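Chains as they are written, first to last, in numbering that gives the first Met the number 0: chain A, 0 to 260; chain B, 0 to 260; chain C, 0 to 270; chain D, 0 to 270.
A virtual CB, placed ideally from N, CA and C, is assigned to each residue, including glycine.
Computed from a predicted structure; not experimentally measured.
Data block below; observations after.
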Amino acid sequence: MRSGRPDVSTEPTRPEELLASVIADLIGDVRHVAVGNASPIPATAALLTRERNKLQGVPRPYVSLLQSRKHNFFTDGARELFDCAGQGRIDVFFLSGGEIDGQGNINLVSIGDYHHPTARFPGSFGSAYLYYVVPRVILFRTEHSRRTLVEKVSFVSAPGISEANVHRSGGPVALVTNRCLFGFDAARGRFRLQSVHPGHTVEEIVAETGFAFECPDEVPTTPAPSAETLRVMRELVAPELAEIYPQFTASVFGIGAQAPH
Amino acid sequence: MRSGRPDVSTEPTRPEELLASVIADLIGDVRHVAVGNASPIPATAALLTRERNKLQGVPRPYVSLLQSRKHNFFTDGARELFDCAGQGRIDVFFLSGGEIDGQGNINLVSIGDYHHPTARFPGSFGSAYLYYVVPRVILFRTEHSRRTLVEKVSFVSAPGISEANVHRSGGPVALVTNRCLFGFDAARGRFRLQSVHPGHTVEEIVAETGFAFECPDEVPTTPAPSAETLRVMRELVAPELAEIYPQFTASVFGIGAQAPH
Amino acid sequence: MPVVGSLDEALVGIQDGCLLAVPREVSGVPMEATRALIRRGIRNLRLFALPTSSLQADLMIGAGCLASLETSAVSLGEFGPAPRFTAAIKAGTIHMKDATCPALHAALQASEKGVPFMPLRGLIGSDVLRERPDWTVIDNPLGENDPIVLLPAIRPDVALFHAPTADRNGNVWIGRQRELATMAHASAATVVTVEKLHDGDLLADPVLAAGTLPGFYVDAVAVVPRGAWPLPLPDHYDADAAHLAEYARLATTLEGFAEYLERHVYAQRAA
Amino acid sequence: MPVVGSLDEALVGIQDGCLLAVPREVSGVPMEATRALIRRGIRNLRLFALPTSSLQADLMIGAGCLASLETSAVSLGEFGPAPRFTAAIKAGTIHMKDATCPALHAALQASEKGVPFMPLRGLIGSDVLRERPDWTVIDNPLGENDPIVLLPAIRPDVALFHAPTADRNGNVWIGRQRELATMAHASAATVVTVEKLHDGDLLADPVLAAGTLPGFYVDAVAVVPRGAWPLPLPDHYDADAAHLAEYARLATTLEGFAEYLERHVYAQRAA
Numbered sequence: 000m001r002s003g004r005p006d007v008s009t010e011p012t013r014p015e016e017l018l019a020s021v022i023a024d025l026i027g028d029v030r031h032v033a034v035g036n037a038s039p040i041p042a043t044a045a046l047l048t049r050e051r052n053k054l055q056g057v058p059r060p061y062v063s064l065l066q067s068r069k070h071n072f073f074t075d076g077a078r079e080l081f082d083c084a085g086q087g088r089i090d091v092f093f094l095s096g097g098e099i100d101g102q103g104n105i106n107l108v109s110i111g112d113y114h115h116p117t118a119r120f121p122g123s124f125g126s127a128y129l130y131y132v133v134p135r136v137i138l139f140r141t142e143h144s145r146r147t148l149v150e151k152v153s154f155v156s157a158p159g160i161s162e163a164n165v166h167r168s169g170g171p172v173a174l175v176t177n178r179c180l181f182g183f184d185a186a187r188g189r190f191r192l193q194s195v196h197p198g199h200t201v202e203e204i205v206a207e208t209g210f211a212f213e214c215p216d217e218v219p220t221t222p223a224p225s226a227e228t229l230r231v232m233r234e235l236v237a238p239e240l241a242e243i244y245p246q247f248t249a250s251v252f253g254i255g256a257q258a259p260h
Numbered sequence: 000m001r002s003g004r005p006d007v008s009t010e011p012t013r014p015e016e017l018l019a020s021v022i023a024d025l026i027g028d029v030r031h032v033a034v035g036n037a038s039p040i041p042a043t044a045a046l047l048t049r050e051r052n053k054l055q056g057v058p059r060p061y062v063s064l065l066q067s068r069k070h071n072f073f074t075d076g077a078r079e080l081f082d083c084a085g086q087g088r089i090d091v092f093f094l095s096g097g098e099i100d101g102q103g104n105i106n107l108v109s110i111g112d113y114h115h116p117t118a119r120f121p122g123s124f125g126s127a128y129l130y131y132v133v134p135r136v137i138l139f140r141t142e143h144s145r146r147t148l149v150e151k152v153s154f155v156s157a158p159g160i161s162e163a164n165v166h167r168s169g170g171p172v173a174l175v176t177n178r179c180l181f182g183f184d185a186a187r188g189r190f191r192l193q194s195v196h197p198g199h200t201v202e203e204i205v206a207e208t209g210f211a212f213e214c215p216d217e218v219p220t221t222p223a224p225s226a227e228t229l230r231v232m233r234e235l236v237a238p239e240l241a242e243i244y245p246q247f248t249a250s251v252f253g254i255g256a257q258a259p260h
Numbered sequence: 000m001p002v003v004g005s006l007d008e009a010l011v012g013i014q015d016g017c018l019l020a021v022p023r024e025v026s027g028v029p030m031e032a033t034r035a036l037i038r039r040g041i042r043n044l045r046l047f048a049l050p051t052s053s054l055q056a057d058l059m060i061g062a063g064c065l066a067s068l069e070t071s072a073v074s075l076g077e078f079g080p081a082p083r084f085t086a087a088i089k090a091g092t093i094h095m096k097d098a099t100c101p102a103l104h105a106a107l108q109a110s111e112k113g114v115p116f117m118p119l120r121g122l123i124g125s126d127v128l129r130e131r132p133d134w135t136v137i138d139n140p141l142g143e144n145d146p147i148v149l150l151p152a153i154r155p156d157v158a159l160f161h162a163p164t165a166d167r168n169g170n171v172w173i174g175r176q177r178e179l180a181t182m183a184h185a186s187a188a189t190v191v192t193v194e195k196l197h198d199g200d201l202l203a204d205p206v207l208a209a210g211t212l213p214g215f216y217v218d219a220v221a222v223v224p225r226g227a228w229p230l231p232l233p234d235h236y237d238a239d240a241a242h243l244a245e246y247a248r249l250a251t252t253l254e255g256f257a258e259y260l261e262r263h264v265y266a267q268r269a270a
Numbered sequence: 000m001p002v003v004g005s006l007d008e009a010l011v012g013i014q015d016g017c018l019l020a021v022p023r024e025v026s027g028v029p030m031e032a033t034r035a036l037i038r039r040g041i042r043n044l045r046l047f048a049l050p051t052s053s054l055q056a057d058l059m060i061g062a063g064c065l066a067s068l069e070t071s072a073v074s075l076g077e078f079g080p081a082p083r084f085t086a087a088i089k090a091g092t093i094h095m096k097d098a099t100c101p102a103l104h105a106a107l108q109a110s111e112k113g114v115p116f117m118p119l120r121g122l123i124g125s126d127v128l129r130e131r132p133d134w135t136v137i138d139n140p141l142g143e144n145d146p147i148v149l150l151p152a153i154r155p156d157v158a159l160f161h162a163p164t165a166d167r168n169g170n171v172w173i174g175r176q177r178e179l180a181t182m183a184h185a186s187a188a189t190v191v192t193v194e195k196l197h198d199g200d201l202l203a204d205p206v207l208a209a210g211t212l213p214g215f216y217v218d219a220v221a222v223v224p225r226g227a228w229p230l231p232l233p234d235h236y237d238a239d240a241a242h243l244a245e246y247a248r249l250a251t252t253l254e255g256f257a258e259y260l261e262r263h264v265y266a267q268r269a270a
């Protein structure tokens with residue numbers, strides 16, 4: 000499956016690899032990570048977590064890639080993911096948004112008046128449920144701009160925080176973008192700048208972010224993935240991923256077209 | 000499978016055959032008849048209905064014998080019968096009772112104070128649901144006595160009638176015993192003697208029944224099954240039934256021990 | 000007993016204005032049946048896509064078949080937004096009932112169980128809920144100061160999907176796509192297209208029976224090889240990526256969409 | 000990952016006082032596991048039998064293992080009443096929660112879906128409802144003057160059942176017995192005994208996968224050939240009628256029941 004590529008572990012880190020590494024560290028030691036459709040970087044991160052654990056003899060997490068046949072362990076139909084999450088069995092999920100605001104609200108529906116929108120996105124998918132019941136929801140948006148990270152979303156597909164009497168066992172823990180990593184403070188309902196990716200600056204983050212966020216005096220640089228993490232991603236994860244993300248694995252890892260279906 | 004028995008269609012009608020024939024006529028032209036556990040006579044009646052229709056080119060009803068593997072078409076687990084009934088897809092079901100009273104209430108639980116009973120039956124099974132939602136429930140009790148047919152049951156597993164505002168698309172249509180056939184008048188909430196089985200009398204029915212019932216001046220005798228009905232029952236139904244009721248088919252139809260499992 | 004016959008016969012029960020339930024992309028989308036309905040000129044359908052849709056909804060919207068759409072998302076996935084869906088929403092030409100996936104599953108399960116509603120967690124504080132006057136918030140009667148959403152049961156007139164195989168008794172093998180069973184249970188009628196007929200009785204083998212929808216839920220079956228094309232039928236064939244890319248390109252304009260319809264829907268009229 | 004090991008290891012998680020869910024006679028009753036629990040001297044179990052029980056409940060009642068029992072019926076079927084159950088109810092030695100089958104399914108489905116209750120039709124006017132203070136009647140919030148019962152979600156501590164096979168990943172083939180999946184989904188832990196191990200991955204084959212409970216719901220698996228005996232494992236073996244008739248005869252007296260226990264439960268201690 001490696002199809003005669005050069006020794007991959009010495010190639011420079013790609014931006015997608017950095018983000019996958021950041022996300023893998025956010026996943027932590029959990030039992031079950033589920034990844035929705037059209038999420039190649041979170042899928043890379045989930046499989047990276049699993050493969051790194053496996054190398055250390057830790058037989059978890061289960062990784063359910065909902066778009067995959069091979070990596071999808073559900074047998075009770077399309078509702079099982081949601082039932083499973085409602086049971087508290089999905090520890091980590093990923094959500095994005097056409098817009099994300101400073102309170103962690105996400106908008107997957109439309110811009111402007113809902114009944115006369117100026118832009119329409121696909122729709123809320125399962126967010127209006129999963130955001131409430133999955134303990135660690137990692138927000139993910141590669142376009143970090145004032146267009147996507149806004150003060151207040153036009154439409155709340157799912158809110159970042161809820162009133163105290165609303166049943167809520169889950170919610171956002173972090174927001175990963177192409178420029179930085181924000182942590183989410185659920186008690187205060189706001190983001191906190193946690194690290195800035197190599198090549199980016201705090202000033203740039205402030206300028207490109209439409210919402211106010213907590214900004215410590217010292218903001219570390221996001222650590223680059225270790226050589227071992229890069230090796231696991233490139234040699235073990237990428238071939239697994241090629242089944243469902245052939246274009247992504249081809250462009251990022253240089254494989255995919257040859258991958259088995 | 001007929002194992003060298005004499006020509007069965009000339010043997011006299013057995014009481015079980017009469018009851019099965021009566022029940023088959025009550026079933027009518029429906030889509031789906033379900034039969035619970037430990038109900039060999041209703042099962043005979045349901046299969047008789049199907050086989051007679053089949054001979055006339057009518058491809059119904061489905062007959063689900065819940066105790067059977069071969070005659071059980073459910074694939075969604077033990078709940079499917081109830082869901083299916085809730086959808087209005089089960090047209091006929093059979094219920095019995097340790098006690099049955101004159102309002103059609105059935106008792107499958109106990110005699111005396113519920114918390115200190117003098118007798119205990121197995122329990123209500125699905126009756127407290129199916130009695131409400133299956134349009135034609137046929138009550139069936141072979142022991143017709145003042146012990147079983149009572150004025151008021153000790154415990155209402157399921158009521159014969161409900162208040163007007165209670166969702167109820169089903170209920171009892173008849174009560175078949177070893178002595179007679181009662182129809183049930185849902186509007187008046189009482190039974191009406193419809194026919195007396197050969198060899199029994201109206202006086203006997205009155206004497207042996209613990210509840211008051213409507214009794215017309217002229218009560219017909221329950222018609223004996225036709226020769227064709229007997230033939231279908233003995234030649235087509237009995238072998239099908241032997242899978243789940245070997246003792247019953249052996250004693251009534253003289254087959255069963257030889258039946259395939 | 001269900002009728003096993005031609006596609007046109009099978010679709011007779013799907014009439015203008017009916018509430019039609021269809022599955023998501025990976026569960027067997029009845030694309031050939033969809034094209035046949037468009038050719039027939041069906042109108043005012045109320046489409047219920049469980050829980051999301053892609054090419055199917057976009058095509059029917061573009062062809063003017065839909066009065067309303069209830070689903071949780073419409074997109075062409077890696078091929079981009081669904082152009083006719085997006086245009087219709089912005090123009091206000093269809094009535095959109097935005098939902099969230101588990102709410103649609105739960106509403107069908109309510110119908111499956113014969114109950115008037117199903118409760119669901121989540122939703123409270125979202126604009127999805129705000130825009131659904133048919134969804135009700137109550138205080139959990141078994142709790143205290145605990146708001147919870149009740150979703151009314153949805154009973155589609157017809158469930159329509161594509162599956163790998165069915166037998167002559169109308170039993171349909173659905174495998175892991177168990178939401179198709181719920182969809183059939185919840186609907187007044189069910190119409191299925193299949194790749195091929197199975198010889199024998201699917202219920203006779205316990206292993207096959209475990210993945211089979213019994214025929215008494217099924218009204219009509221038609222054999223339509225590659226009936227999900229250009230969408231995938233999982234474990235059987237993949238999506239036709241080149242075709243979907245072509246659709247995504249053409250459907251961005253009205254002219255391109257008309258060209259697509261002519262070439263890939265109406266040109267098959269004789270079929 | 001579930002542990003695939005010995006029966007005693009698998010049963011470690013089933014402790015005195017726990018709420019234990021088990022299936023009906025035709026869905027794979029874990030009889031050898033039941034005997035092992037009796038041998039271990041388990042006490043104060045709260046047994047939840049979905050939706051009915053036979054030998055299993057009777058045996059555990061007679062052996063003094065149960066504090067309470069929630070089910071819709073207990074009987075030995077064609078072998079007559081369940082003698083120890085009947086005696087215990089009359090003597091008032093266990094707490095009986097009489098139910099009706101669909102209510103037990105619905106209460107587990109509530110837990111499966113993570114909702115606090117499930118509505119159910121029927122029941123109103125029955126003494127089953129009267130004797131269940133935990134079941135609530137409300138006026139349907141989406142209707143008018145329409146009383147409906149709400150059943151609180153039931154979350155068993157452990158689901159325990161017997162199945163034909165499992166693989167080394169803990170995936171369990173349950174076939175049509177889909178209430179076993181709901182039972183596992185609804186329970187905090189699941190323990191399964193199986194006839195034999197399946198070589199390979201049950202989820203790798205779409206046909207087998209359709210009847211498989213995924214391993215992430217399963218905590219422990221033990222291989223116990225004929226683990227349902229003397230009850231049947233449908234499609235695999237029938238009930239042992241002679242043995243059940245012997246049980247029915249012996250269990251009518253305390254002495255006979257003690258003799259049965261000694262001969263068929265305790266005598267296997269070494270096994």
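According to DSSP, is residue i helix, strand or coil?
i, result
"D97/D", "strand"
"Q193/A", "strand"
"P245/B", "helix"
"N168/C", "coil"
"E239/B", "helix"
"T92/C", "coil"
"F93/A", "strand"
"V191/C", "strand"
Roughly how many angstroms lie between the CA atoms of residue i and residue j, to the nearest whole one?
i, j, result
"L271/C", "A180/C", "As shown, chain C starts at 0 and ends at 270. That puts residue 271/C outside it, with no answer to give."
"S123/A", "D156/C", "25 Å"
"D145/D", "A185/B", "20 Å"
"V28/D", "V2/D", "20 Å"
"D126/C", "E162/A", "15 Å"
"E203/A", "L180/A", "13 Å"
"D90/B", "P134/B", "6 Å"
"L240/A", "P121/B", "55 Å"
Taking 7 Å as the cut-off, does the CB of residue i come closer than this to any heavy atom belonging to the ligand PLP?
i, result
"Q66/B", "What this structure holds is no ligand at all, so the ligand PLP is not there to describe."
Near-chain C residues of the stretch 79 to 90 of chain B - C-beta to any C-beta below 9 Å: Near chain C, meaning a CB-to-CB distance below 9 Å, the residues of the stretch 79 to 90 of chain B are E79, F81, D82, C83, A84, G85, Q86, G87, R88.
Ordered list of beta strand (DSSP E) runs contained in the stretch 29 to 72 of chain D, each at least 3 residues: Considered as a whole, the stretch 29 to 72 of chain D harbours 44 to 49, 65 to 70 as its complete beta strand (DSSP E) runs of no fewer than 3 residues, in chain order.
Contiguous beta strand (DSSP E) assignments of at least 3 residues, all confined to the stretch 126 to 205 of chain B: The stretch 126 to 205 of chain B contains these whole beta strand (DSSP E) runs: 135 to 140, 171 to 176, 179 to 184, 189 to 195.
Under 8 Å, CB to CB, which of the residues in the stretch 148 to 166 of chain A have a partner in chain C? The stretch 148 to 166 of chain A vs chain C, Cβ under 8 Å: F154, V155, S156, A157, P158, S161, E162, N164, V165, H166.
By the 9 Å beta-carbon criterion, what residues does the stretch 185 to 198 of chain A contribute toward chain C? With the criterion set as a beta carbon lying under 9 Å from some beta carbon of chain C, the stretch 185 to 198 of chain A has no members that meet it.
Start-end ranges of the alpha helix (DSSP H) lying completely within the stretch 44 to 90 of chain A, minimum 4 residues: Qualifying alpha helix (DSSP H) stretches, in chain order: 79 to 85.
Could you tell me which whole alpha helix (DSSP H) segments of length 4 or greater appear in the stretch 6 to 40 of chain A? Counting only runs of 4 or more, we get 14 to 26.
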